[in-house]
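Following our numbering, the numbering of the sequence shown begins with 38 at its first residue and continues without gaps. Presented below is the structure to which this report refers.
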Amino acid sequence: AKIAASWVISPVLGGIIAAAFLYLIKRTITYQSDMVAAARRWVPLLQALMAWAFTTYLVLKGLRQVWQVGVGMAFLIGLGFAVLTYGFMRWRLASVTKGLSNDKQGVNSLFVLPLIFSAALLSFAHGANDVANAVGPLAAINEAVMQGAIATKAAIPVWVLMIGAIGIALGLALYGPKLIKTVGSGITELDQMRAFCIAMAAAITVIVASQLGLPVSSTHIAVGAVFGVGFLREYIKSHYGQMIIAIEEHHAGHDEEIVQAYLVRFHKADFNEKGRMLAELKASKQAKVDSHLTKKERRGLKGVYRKELVKRSALARIVAAWLITVPVSALMAAMIYFMIRGMMLP
Numbered sequence: 038a039k040i041a042a043s044w045v046i047s048p049v050l051g052g053i054i055a056a057a058f059l060y061l062i063k064r065t066i067t068y069q070s071d072m073v074a075a076a077r078r079w080v081p082l083l084q085a086l087m088a089w090a091f092t093t094y095l096v097l098k099g100l101r102q103v104w105q106v107g108v109g110m111a112f113l114i115g116l117g118f119a120v121l122t123y124g125f126m127r128w129r130l131a132s133v134t135k136g137l138s139n140d141k142q143g144v145n146s147l148f149v150l151p152l153i154f155s156a157a158l159l160s161f162a163h164g165a166n167d168v169a170n171a172v173g174p175l176a177a178i179n180e181a182v183m184q185g186a187i188a189t190k191a192a193i194p195v196w197v198l199m200i201g202a203i204g205i206a207l208g209l210a211l212y213g214p215k216l217i218k219t220v221g222s223g224i225t226e227l228d229q230m231r232a233f234c235i236a237m238a239a240a241i242t243v244i245v246a247s248q249l250g251l252p253v254s255s256t257h258i259a260v261g262a263v264f265g266v267g268f269l270r271e272y273i274k275s276h277y278g279q280m281i282i283a284i285e286e287h288h289a290g291h292d293e294e295i296v297q298a299y300l301v302r303f304h305k306a307d308f309n310e311k312g313r314m315l316a317e318l319k320a321s322k323q324a325k326v327d328s329h330l331t332k333k334e335r336r337g338l339k340g341v342y343r344k345e346l347v348k349r350s351a352l353a354r355i356v357a358a359w360l361i362t363v364p365v366s367a368l369m370a371a372m373i374y375f376m377i378r379g380m381m382l383p
């Protein structure tokens with residue numbers, strides 16, 4: 038039950054973490070009037086968080102065969118690397134951000150290096166979890182053959198790990214491009230910031246699952262993170278559309294140039310300024326009670342944003358695949374077991 042629950046919880050958790058990271062970036066960087074200055078403050082912190090997570094996990098799991106370290110000490114070591122990473126990124130961004138355009142495209146360019154490292158962290162977590170899931174049955178068979186009995190715990194020889202690693206690499210080379218295309222562009226539109234959030238969320242979720250000893254799929258988690266980012270964008274865009282509707286309703290009957298000037302000012306305002314502008318509209322006695330847009334037009338606007346940002350057909354296909362592959366693989370394994378058992382019985 039615990040393992041089955043993890044198959045459902047892990048992609049949902051990945052989506053929640055990815056959405057939380059993206060909202061943090063939007064709230065602290067892209068919603069600010071001076072995006073470059075905000076990026077100088079927050080990108081080093083995000084990179085330091087990634088360094089802390091990676092180092093802590095590496096010390097706890099990757100080095101445990103040669104160096105046994107407690108959780109508290111691992112956290113302190115990770116914190117040390119995080120501080121070094123923060124200092125390096127602060128120094129690097131001080132020069133990189135000179136002359137950088139104060140827009141989303143300019144800020145996106147600052148996430149190229151963090152995205153590379155977060156993808157490397159995700160690949161490490163993938164190897165730590167998915168390869169173990171794949172070679173676990175083979176290690177158990179090898180242990181039973183070598184010991185002549187079924188053991189509760191099986192040692193994993195190096196050659197078994199090599200088989201798993203080679204299989205993962207071959208699978209990526211042969212069938213990876215199609216899946217990469219689906220995850221990268223077939224569900225929702227991604228840029229550097231969104232991809233960074235997805236990679237970080239997937240890596241953190243896999244790391245937590247591995248620490249708890251739960252066999253989860255990093256692919257499922259990454260896909261869940263993609264949907265989390267997409268649904269957050271959908272909600273934000275839809276909410277922004279409702280704010281534009283409120284502004285247009287308030288200025289109904291006014292000169293078109295005045296309305297457009299207000300919309301431009303609203304678009305350029307930072308998060309707090311937008312809130313003040315909307316509060317002024319709401320409190321204004323001149324606000325219109327009756328809407329010049331019908332309910333049907335409102336629903337149509339929401340539908341446009343929803344279709345644009347998240348492909349529901351992709352969601353249906355992926356959920357169907359998850360629901361089908363797990364029971365089918367279990368059924369096939371049971372059938373093969375009974376076939377072999379029947380052939381071996383006298």
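Ideal Cβ positions, reconstructed from N, Cα and C, are used throughout, including at glycine.
In the three-state reduction of the DSSP assignment, Glu226 falls in the coil class. Straight-line spacing of the CA atoms in Phe303 and Ile281 works out to 9 Å. Sequence-distant partners of Ala76 (beyond 5 residues in either direction) whose C-beta falls short of 6 Å from its own C-beta, in its chain, are Ile66, Val144 and Leu147. The three-state reading of DSSP puts Gln69 in coil, since its state is none of H, G, I, E or B. Taken through DSSP and simplified to helix, strand or coil, Ala306 comes out as coil. Nearest to Val260 by alpha-carbon distance, out of Lys39, Ala56 and Ile40, is Ala56. Here Val347 is not near Arg231, since their CB atoms are 9 Å or more apart.
The shortest CA-to-CA distance from Gly250 to any of Arg78, Leu97 and Gln84 is the one to Leu97. Taking 8 Å as the upper bound for CB-CB distance, Gln84 and Val149 are not in contact here, some 12 Å apart.
For Ile217 and Ala111, the gap between their C-alpha atoms comes out near 33 Å. The Cβ atoms of Val363 and Trp44 lie closer than 9 Å to each other. Taken in chain order, the whole alpha helix (DSSP H) runs of length 4 or more contained in the segment 96-153 are 108-133 and 141-146. Per DSSP, the continuous alpha helix (DSSP H) segment holding Ser366 begins and ends at Arg349 to Met381.
The DSSP-derived three-state label of Pro194 is coil. In this structure, the straight-line span from the alpha carbon of Met183 to that of Val197 is close to 14 Å.
Residues of the same chain with a CB within less than 6 Å of the CB of Val106, apart from the 5 flanking positions on each side, are Val96 in chain order.
A Cβ-Cβ contact shorter than 9 Å links Ala262 with Ala238. Per DSSP, reduced to three states, the secondary structure at Ser254 is coil, with no helix or strand assignment. Just so you know, the alpha carbons of Ala316 and Lys63 end up roughly 21 Å apart. When C-alpha distances from Gly223 are compared across Ala351, Leu152, Gly115 and Gly208, the shortest belongs to Ala351. Annotation: Thr219 to Lys274 spans about 23 Å, alpha carbon to alpha carbon. Take Arg129, set aside five residues on each side of it, and no residue of its chain has a beta-carbon closer than 7 Å to its own.
Boundaries of the alpha helix (DSSP H) harbouring Lys39: Lys39 to Ile62, taken from the DSSP string. Taking 9 Å as the cut-off, the Cβ atoms of Val49 and Thr134 do not count as close. Note on Tyr94: 16 or more other CB atoms within 10 angstroms of its CB, so buried under the neighbour-count rule.
In this model, Glu310 and Gln69 are separated by some 9 Å (Cα to Cα). Of the candidates Gly51, Leu137 and Ser155, the residue whose Cα lies closest to the Cα of Leu86 is Ser155.
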